[in-house]
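Protein sequence lines correspond, in order, to chains A and B.
Note that my numbering has the first sequence beginning at 6, numbered continuously upward.
Note that my numbering has the second sequence beginning at 6, numbered continuously upward.
Even for Gly, the Cβ is constructed at its ideal location relative to N, Cα and C.
There are 2 protein chains.
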Amino acid sequence: MAKATAKRTLKWQRDPEGMRLRILEAAKQEFSAHGLAGARVDRIAAKAGANKRMLYYHVGNKDELYLAVLEGAYDKIRSEERGLDLEHLDPPEAIKRLIEFTWGYFLRNPEFLSLLQTENLARAKHLKRSTKVKSMHSPFVEMIRTVVRRGVESGDFQVAVDPVQLYISIAALSFFYLSNSATLSVIFGRDLLDKKAKDERLAHMSGLVLAALTGRSAALFEVAKAPKPRSAVAQTV
Amino acid sequence: MAKATAKRTLKWQRDPEGMRLRILEAAKQEFSAHGLAGARVDRIAAKAGANKRMLYYHVGNKDELYLAVLEGAYDKIRSEERGLDLEHLDPPEAIKRLIEFTWGYFLRNPEFLSLLQTENLARAKHLKRSTKVKSMHSPFVEMIRTVVRRGVESGDFQVAVDPVQLYISIAALSFFYLSNSATLSVIFGRDLLDKKAKDERLAHMSGLVLAALTGRSAALFEVAKAPKPRSAVAQTV
DNA sequence: GGAGAAATTAACCCGTTGGATAAATACTGT
DNA sequence: ACAGTATTTATCCAACGGGTTAATTTCTCC
Chain A
6 MAKATAKRTL KWQRDPEGMR LRILEAAKQE FSAHGLAGAR VDRIAAKAGA NKRMLYYHVG
66 NKDELYLAVL EGAYDKIRSE ERGLDLEHLD PPEAIKRLIE FTWGYFLRNP EFLSLLQTEN
126 LARAKHLKRS TKVKSMHSPF VEMIRTVVRR GVESGDFQVA VDPVQLYISI AALSFFYLSN
186 SATLSVIFGR DLLDKKAKDE RLAHMSGLVL AALTGRSAAL FEVAKAPKPR SAVAQTV
Chain B
6 MAKATAKRTL KWQRDPEGMR LRILEAAKQE FSAHGLAGAR VDRIAAKAGA NKRMLYYHVG
66 NKDELYLAVL EGAYDKIRSE ERGLDLEHLD PPEAIKRLIE FTWGYFLRNP EFLSLLQTEN
126 LARAKHLKRS TKVKSMHSPF VEMIRTVVRR GVESGDFQVA VDPVQLYISI AALSFFYLSN
186 SATLSVIFGR DLLDKKAKDE RLAHMSGLVL AALTGRSAAL FEVAKAPKPR SAVAQTV
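Set out below in structure tokens:
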């Protein structure tokens, strides 16, 4: 807007910050869609509406670009995690909310799953070199530790589980279902991503974890409690 | 051994079946170590002790090779699965055995995890084209269905869960832990693959699933049952 | 209003890689 | 023993892909 006088149509405009963002966004899509080796630098440039040289100018070579994307992805989820305050909720409710958040986040950010898969296939080679990520400890572990302690003290939970194990299990139930939905859908011959299937999955996961913690499946599942419960509800859970 | 008379040292011998096996084994290693795009046809040939031309002669191009490896991997696990007979065990024992088998199989066959990850990153593009795999429906689902039904009828299980959900959850708990151990180890700053960690993980998984099904955490966990259980055992589970 | 720095474009370089072609060697049946 | 086929080796190549070099254009500050 500086020289408002229609001097002449510019061939291009400067926008370093915007360019960097577009590059990182394009790279995120490309890396998550094709993995590290499968990603094409030229496609990233094209998707970012830029010249290939810009990647190297603003970020660095392919590997640095990839690491930047990965760090950005971790940064994003960590920041959303901080927004959750499980402290106020009563323990079972807190765990339920945590499960729902995890599930929802993975659903809303499929690239995050792909990036993690890619990085794990590389045995975390890049992540190990990252100083940033190591300093972004998940606040969840401590959050969960307190929730579990409170739950045990209040009698809601029957068992004091290791918060790291619980965190991993909660992530696992959502992560695997979604990241492997493609092959699983083929194997089972049913679409695991349609609305109904997703609802059932969430119910199943909450039920499973909370039943284990509270020992009261009844609260959350359709239960079959009668001594000889011939007609157990065979749904969901 | 045919012409035993030391006629002359041969430059090479024919061995089509052996060659094919060596190629597939080498390809399995290469694809699981580097993914589809990252795999190098020349390395596969070298690892198989063969000429690159052999791959195309015996199997086909890179994609066909990859699919052959993938089908082989599924074939292997399915065949081991058939060996498990959960029918005879009482329901909780059967589930426990299933969890241990899954965990053990993934531990013994890390390439299987990598191949699945790779294929899922490709959104099962290749698997969908495979006629073989689709016909290998996992017998597990039916197995599990019966186990669950028996468990509900005997009163061991409080809830009749969907066998597909249960199967996926059991796989998820092991799969995610192992396939993502690299990044998780970095994040949590502890080695998830050392002996102790693995033992704890298995105990946690069995405990979680069985507690949810039976509603009796007591049977499997170190439990905190007292009304105000201040000193809950904080281990494992 | 123009000089110098910052940002962007355009063109090229060169090792790699999947795949193909052609020639050589080992078998098999007759 | 030898003709014909199956299997394996030895080269080659065109396209691709990451990265670089050099020239162009825009912006900023004095």
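Against chain A, with Cβ distances strictly below 8 Å, would residue i count as a contact?
i: Glu124 (chain B); result: yes
i: Phe180 (chain B); result: yes
i: Arg221 (chain B); result: yes
i: Lys133 (chain B); result: yes
i: Ala51 (chain B); result: no
i: Glu205 (chain B); result: yes
i: Ser140 (chain B); result: no
i: Phe106 (chain B); result: no
i: Val46 (chain B); result: no
i: Leu121 (chain B); result: yes
i: Thr136 (chain B); result: no
i: His63 (chain B); result: no
i: Ser211 (chain B); result: no
i: Phe117 (chain B); result: no
i: Leu189 (chain B); result: yes
i: Phe36 (chain B); result: no
i: Ile82 (chain B); result: no
i: Gly43 (chain B); result: yes
i: Ile192 (chain B); result: yes
i: Ala73 (chain B); result: no
Please look up how many angstroms separate the CB atoms of residue i and residue j, rounded, as I've assumed it's under 8 Å.
i: Trp39 (chain B); j: Ala176 (chain A); result: The amino acid occupying residue 39 (chain B) in the given sequence is His; Trp does not appear at that position. Their Cβ separation, rounded to whole angstroms, is 26 Å, which puts His39 (chain B) and Ala176 (chain A) out of contact at 8 Å.
i: Ala129 (chain B); j: Thr219 (chain A); result: About 37 Å; that fails the 8 Å criterion.
i: Glu116 (chain A); j: Ser37 (chain A); result: 4 Å
i: Lys52 (chain B); j: Glu35 (chain B); result: 7 Å
i: Leu29 (chain A); j: Lys101 (chain A); result: Not quite, the Cβ-Cβ distance comes to about 34 Å (not below 8 Å), so this is no contact.
i: Arg27 (chain B); j: Ala55 (chain B); result: 7 Å
Can you tell which of the options has its C-alpha closest to the C-alpha of residue i?
i: Leu213 (chain B); options: B:Leu118, B:Ser179, B:Lys133; result: B:Ser179
i: Leu91 (chain A); options: A:Leu103, A:Ser84, A:Arg83; result: A:Leu103
i: Ser143 (chain B); options: B:Tyr79, B:Asp199, B:Lys16; result: B:Tyr79
i: Glu205 (chain B); options: A:Leu171, A:Asn185, A:Glu205, A:Ser222; result: A:Leu171
i: Asp167 (chain B); options: B:Ser159, B:Asp161, B:Phe181, B:Val152; result: B:Val152
i: Asn66 (chain B); options: B:Lys81, B:Ile49, B:Leu198, B:Ser211; result: B:Ile49
i: Leu72 (chain A); options: A:Met148, A:Arg134, A:Arg58; result: A:Arg134
i: Leu126 (chain B); options: A:Ala32, A:His63, A:Ser184; result: A:Ser184
i: Val146 (chain A); options: A:Asp47, A:Val169, A:Val191, A:Phe193; result: A:Val169
i: Val148 (chain B); options: B:Ser190, B:Val74, B:Ala99, B:Ala208; result: This sequence places Met at residue 148 (chain B); Val is not what is there. Ranking B:Ser190, B:Val74, B:Ala99, B:Ala208 by Cα distance to Met148 (chain B) puts B:Ala99 first.
Are the C-beta atoms of residue i and some chain B residue less than 8 Å apart?
i: Asn185 (chain A); result: yes
i: Gln163 (chain A); result: yes
i: Val169 (chain A); result: yes
i: Arg128 (chain A); result: yes
i: Ile149 (chain A); result: no
i: Ile244 (chain A); result: This structure leaves residue 244 (chain A) out entirely; chain A is present only between 6 and 242.
i: His39 (chain A); result: yes
i: Ala177 (chain A); result: yes
i: Ile100 (chain A); result: no
According to the neighbour-count rule (16 or more other Cβ atoms, all chains shown, within 10 Å of its Cβ), is residue i buried or exposed?
i: Pro97 (chain A); result: buried
i: Gly88 (chain B); result: exposed
i: Lys222 (chain B); result: The question names Lys, but residue 222 (chain B) is Ser in the sequence shown. That one is buried.
i: Gln122 (chain B); result: buried
i: Ser211 (chain A); result: buried
i: Trp108 (chain A); result: buried
i: Asp161 (chain B); result: buried
i: Lys201 (chain B); result: exposed
i: Gln18 (chain A); result: exposed
i: Thr14 (chain A); result: exposed
i: Ser119 (chain A); result: buried
i: Ser140 (chain A); result: exposed
i: Lys33 (chain A); result: buried
i: Met24 (chain B); result: buried
i: His131 (chain B); result: buried
i: Glu262 (chain B); result: Nothing can be reported for residue 262 (chain B): it is not among the residues displayed for chain B, which extend from 6 to 242.
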